[in-house]
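Notes to accompany the following structure.
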Amino acid sequence: MSKGVTPRSQDYARWYTDVVQKAELADYGPVKGTMVIRPYGYSIWEALREAFDMRFKATGHVNAYFPMLIPKSFLSREAAHVKGFAKECAVVTHTRLMADPDGNGVVVDPDSKLEEELIIRPTSETIIWHMYKQWINSYRDLPILINQWANIVRWELRTRLFLRTSEFLWQEGHTAHATSQEAQEETERMIEVYREVVEDEMALPVIVGRKTEAEKFAGAVDTFTIEAMMGDRRALQCGTSHYLGQNFARAFEVTFRTQDNDQEYVYATSWGVSTRLVGAMVMAHGDDKGLRLPPRVAPIQVVIVPIFRDESRDRVLQTATSLTDGLQKVTVRVKLDDRDTVSPGFKFNDWEMKGVPVRLEIGPRDVEQGVAVVVRRDTGEKQSLPLDQLAAKLPALLEEIQTSLYQQAVDFRAEHTQRPGNWEAFKTLMKAGGFARCGWDGDPETEAAIKAETKATIRCIPLDENPSGLKCVYSGQPAKYEVVLARAY
RNA sequence: CGGGGCGUGGCGCAGUCCGGUAGCGCACCUGCUUUGGGAGCAGGGGGUCGUAGGUUCAAAUCCUAUCGCCCCGACCA
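This note's numbering numbers the first residue of the first sequence as 11 and each following residue consecutively.
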């Protein structure tokens, strides 16, 4: 492995790819656009999944699993939805392979062609609503609050590890309600859950808002989003929650009897976050030494690197081992790196690349004095602390690092967010990179023109918008909305 | 799908113009010395040069075909 990563300032895209691979988060799969999530990357995903899952359950949801293969006909039900996904669906046409009659290898058995082709889910709305039709008869059957953790496939052209791959892992919540109001409350409840996890656990500040007509989910009435700023000042959509109205209920003919014995279509929501969030953490917190993980989701919070010569080996390792045991008792996720095959210097760099929040160095001198060198990954700051105080002090230090990473991200975003007063200032900002908060006249043509001229999109209409007195940054007309614009991933 | 580029040990590349014993760096293995910021030295293993034809005494190199991949332009968590 060559040393280090490409500096961010030199080539941000390459820096990202370098970090993902060198921190052993993921690797490329053999099929274009596919990704192997390696154990270290997967354990980060597990931490995120746990943080979300406990909150889903606390808000009344249950997990279930629906099939990956979907009859092709299901996709022709909801017009807008089809339009959104048809172009990127993988299709299963045959069910068998056979030995190649002309020589080596295998070929598709032409006799195994399916009568109805199957598609691999690009999202599960259709199959879930097919099932909901069978499960819902009465208002007594509502609400249904189901979530599933699954993989999905979208045949993407331009792919990047975690950010956009042909197959990815995610969570999709699909709920059915008796009233529009209840479904809308659910939509907003879940975007708030997303905000909480991303900000509190991932230390990543987000802007909560609604998507414009052009940017919302195919088939949704209303889409809520959380948007974060990455290290190159571009925006990344980190999670979405959709109010689907009765669109899917109509498409799949899901009706229920009300208390008054009327027949009505069910109201729906869906919401999801994906492994893209792992990429978001890399890009939001990483530096030229690699990853910087927020302690709450770091698979390893504290790594202990022993430093010894032959004659001091036993003493140092004994101290390091008992320190490891002691810290594990205060529920710090700690790892003793006792590898004999690499040097301490290599380990320092290795764990910095992997973003471990705190490193403890223990050498012969430290053992003599009963101390350890404590190094923060976020600031690089070093200090010596007595061994017997570590168990008491480390939990607080980890919380401090968590807060510090969040604050650094908040400050960075603030530095690169402006309110451009005119079109020229806006263009300059978009070219330099950053978030623009400004007025929009609400016209889709204006939105399209802005995108065509600057590649910037309306990331969202923030919940705390206030358009009064604002003018549209493009047309100069009175603003109908206050929006956040940026170039996005 | 339009434009540009590349296929040579695990990874990154040189060699191709001008045919003549397949090389370099990293990684890997063994040994010794090392270990407080990516250790040093010595030795070692590993490639039918994307594939298939052709030209030639001889092809990584020339010719033809073919496959695959990457980058840039219209969509997306």
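A virtual CB, placed ideally from N, CA and C, is assigned to each residue, including glycine.
Counting C-beta neighbours from all protein chains within 10 Å, is the total for residue 17 16 or more, i.e. buried, or is it exposed?
Taking the first residue of the first sequence as position 1, residue 17 is located at position 7. Looking at its Cβ environment, which holds fewer than 16 other Cβ atoms inside 10 Å, residue 17 is exposed.
With distance defined between alpha-carbon atoms, name the residue in 404, 267, 293 and 277 nearest to residue 214.
Sequence index remark: in the first sequence, residue 214 carries index 204 (1-based). Taking only the C-alpha atoms, the option nearest residue 214 is 293.
At the level of alpha carbons, what is the spacing between residue 186 and residue 82?
On the first sequence, residue 186 is found 176 positions in, with the first residue counted as 1. On the first sequence, residue 82 is found 72 positions in, with the first residue counted as 1. The straight-line gap from Cα to Cα measures roughly 23 Å.
Determine the extent of the alpha helix (DSSP H) in which residue 333 is found, giving its start and end residues.
Counting from 1 along the first sequence, the entry for residue 333 is found at position 323. First-last of the alpha helix (DSSP H) with residue 333: 323-339.
Using the Cα positions of residue 106 and residue 412, report the straight-line distance between them to the nearest angstrom.
For this step, residue 106 is matched to residue 96 along the first sequence. For this step, residue 412 is matched to residue 402 along the first sequence. Rounded to whole angstroms, residue 106 to residue 412 spans 52 Å at the Cα level.
Using a Cβ distance threshold of 8 Å, determine whether the stretch 224-231 contacts the stretch 168-184, with at least three qualifying pairs required.
At 8 Å Cβ cutoff, the stretches do not touch.
Would DSSP call residue 484 helix, strand or coil?
Along the first sequence, read from residue 1 onward, the residue named residue 484 stands at position 474. Note: residue 484 maps to coil in three-state DSSP.
If you compare alpha carbons, which of 389, 436, 337 and 459 is closest to residue 405?
The residue you call residue 405 lines up with position 395 of the first sequence. The option with the nearest alpha carbon to residue 405 is 337.
At the level of alpha carbons, what is the spacing between residue 120 and residue 126?
Within the first sequence, residue 120 is the residue found at index 110, counting from 1. Within the first sequence, residue 126 is the residue found at index 116, counting from 1. Each residue's alpha carbon lies about 15 Å from the other.
What number of angstroms, rounded off, separates the C-alpha of residue 450 from the C-alpha of residue 261?
Locating residue 450 in the first sequence gives position 440, counting from the first residue. Locating residue 261 in the first sequence gives position 251, counting from the first residue. C-alpha separation (whole angstroms): 33 Å.
Inspect the beta-carbon positions of residue 281 and residue 201 and report whether they are closer than 9 Å.
Taking the first sequence and counting its residues from 1, the one referred to as residue 281 is at position 271. Taking the first sequence and counting its residues from 1, the one referred to as residue 201 is at position 191. Contact: yes.
Between residue 110 and residue 164, what straight-line distance do the alpha-carbon atoms span, to the nearest angstrom?
Locating residue 110 in the first sequence gives position 100, where the first residue counts as 1. Locating residue 164 in the first sequence gives position 154, where the first residue counts as 1. When rounded, the distance between both Cα atoms is 30 Å.
Since residue 376 and residue 385 are thought to touch, with beta carbons under 8 Å apart, how far apart are those beta carbons, to the nearest angstrom?
As a first step, residue 376 must be located in the first sequence, where it is residue number 366. As a first step, residue 385 must be located in the first sequence, where it is residue number 375. About 13 Å separates the two Cβ atoms, so there is no contact after all.
Tell me whether residue 49 is buried or exposed, calling it buried when 16 or more other Cβ atoms sit within 10 Å of its Cβ.
One-based indexing of the first sequence puts residue 49 at position 39. Classification of residue 49: exposed, given that the 10 Å Cβ count is below 16.
So, with DSSP's three-state summary, where would you put residue 19?
Walking along the first sequence from the start, residue 19 turns up at place 9. It is coil, neither helix nor strand.
With a threshold of 7 Å on Cβ separation, who are the neighbours of residue 393 within its own chain once the five nearest residues in sequence on each side are excluded?
In the first sequence, counting from the first residue as 1, residue 393 sits at position 383. Around residue 393: 384.
Report all residues from its chain with a CB closer than 7 Å to the CB of residue 461; omit the five preceding and five following residues, and keep chain order.
Your numbering for residue 461 matches position 451 in the first sequence. Around residue 461: 467.
Which residues bound the beta strand (DSSP E) around residue 45?
Within the first sequence, residue 45 is the residue found at index 35, counting from 1. Unbroken beta strand (DSSP E) run through residue 45: 45-47.
Could you give the first and the last residue of the continuous beta strand (DSSP E) run that contains residue 279?
As a position in the first sequence, residue 279 is number 269, starting the count at 1. Here the beta strand (DSSP E) through residue 279 covers 277-284.
Within 10 Å of its beta-carbon, does residue 493 have 16 or more other beta-carbons around it, so buried, or fewer, so exposed?
If you number the first sequence from 1, residue 493 lands on position 483. Buried is the call here.
Using C-beta distances below 6 Å, list every residue in its chain close to residue 311, excluding the 5 sequence neighbours before and after it, in chain order.
Reading the first sequence from its first residue, position 301 is the one you call residue 311. The answer, listed in chain order, is 305, 342, 343, 367 and 408.
Whole angstroms is fine: what's the gap from residue 144's alpha carbon to residue 138's?
Counting from one through the first sequence, the residue named residue 144 turns up at place 134. Counting from one through the first sequence, the residue named residue 138 turns up at place 128. Approximately 10 Å, taken between the alpha carbons.
Starting from residue 1, follow its DSSP beta bridges and name the residues at the other end.
Residue 1 lies beyond the residue range present for the chain, which begins at 11 and ends at 499; the question has no answer from this structure.
Which one of 22, 52 and 23 has the shortest CA to CA distance from residue 36?
By 1-based counting over the first sequence, the position of residue 36 is 26. For residue 36, the nearest C-alpha among the options comes from 52.
Nearest by alpha-carbon distance to residue 72: which of 158, 371, 390 and 79 is it?
Within the first sequence, residue 72 is the residue found at index 62, counting from 1. Of the listed residues, the one whose Cα sits closest to residue 72 is 158.
Tell me the start and end of each unbroken alpha helix (DSSP H) in the stretch 190-228 that is at least 4 residues and wholly inside, in chain order.
Runs found: 190-206.
Rounded to whole angstroms, what is the Cα-Cα separation between residue 499 and residue 240?
As a first step, residue 499 must be located in the first sequence, where it is residue number 489. As a first step, residue 240 must be located in the first sequence, where it is residue number 230. The straight-line gap from Cα to Cα measures roughly 9 Å.
Three-state secondary structure (DSSP) at residue 361?
To locate residue 361, count along the first sequence from 1; it is residue 351. In the structure shown, residue 361 sits in a helix (DSSP, three-state: H, G or I).
Which term fits residue 11, buried or exposed, when burial requires 16 or more other beta carbons within 10 angstroms of its beta carbon?
Locating residue 11 in the first sequence gives position 1, counting from the first residue. With a pLDDT of 43 at residue 11, under the threshold of 50, the modelled position of that residue is not reliable, and no figure is offered here.
How far does the alpha helix (DSSP H) with residue 92 in it reach, from first residue to last?
Position 82 of the first sequence, counted from the first residue, corresponds to residue 92. Note, residue 92: alpha helix (DSSP H), 89-95.
If you compare alpha carbons, which of 418, 217 and 320 is closest to residue 297?
For the purposes of this step, residue 297 is taken as the residue at position 287 of the first sequence. Ranking the options by Cα distance to residue 297, first place goes to 418.
Using DSSP's beta-bridge definition, name the partner residues of residue 25.
Counting from 1 along the first sequence, the entry for residue 25 is found at position 15. Looking at the DSSP assignment, residue 25 forms no beta bridge with any residue, so it has no partner.
Can you give me the Cβ contacts of residue 255 inside the same chain, cut-off strictly under 6 Å, excluding the 5 residues immediately before and after it?
Taking the first residue of the first sequence as 1, we reach residue 255 at position 245. So the qualifying residues of the chain are 231.
Count Cβ pairs between the stretch 178-192 and the stretch 267-281 that sit closer than 8 Å; are there 3 or more?
The stretch 178-192, when compared against the stretch 267-281, does touch it at the 8 Å Cβ threshold.
Can you tell me the Cα-Cα spacing of residue 168 and residue 150, whole angstroms?
In the first sequence, the residue the question calls residue 168 occupies position 158. In the first sequence, the residue the question calls residue 150 occupies position 140. Their Cα atoms are separated by approximately 46 Å.
Assign residue 140 to one of three DSSP states: helix, strand, or coil.
Taking the first residue of the first sequence as 1, we reach residue 140 at position 130. DSSP places residue 140 in helix when its eight states are reduced to three.
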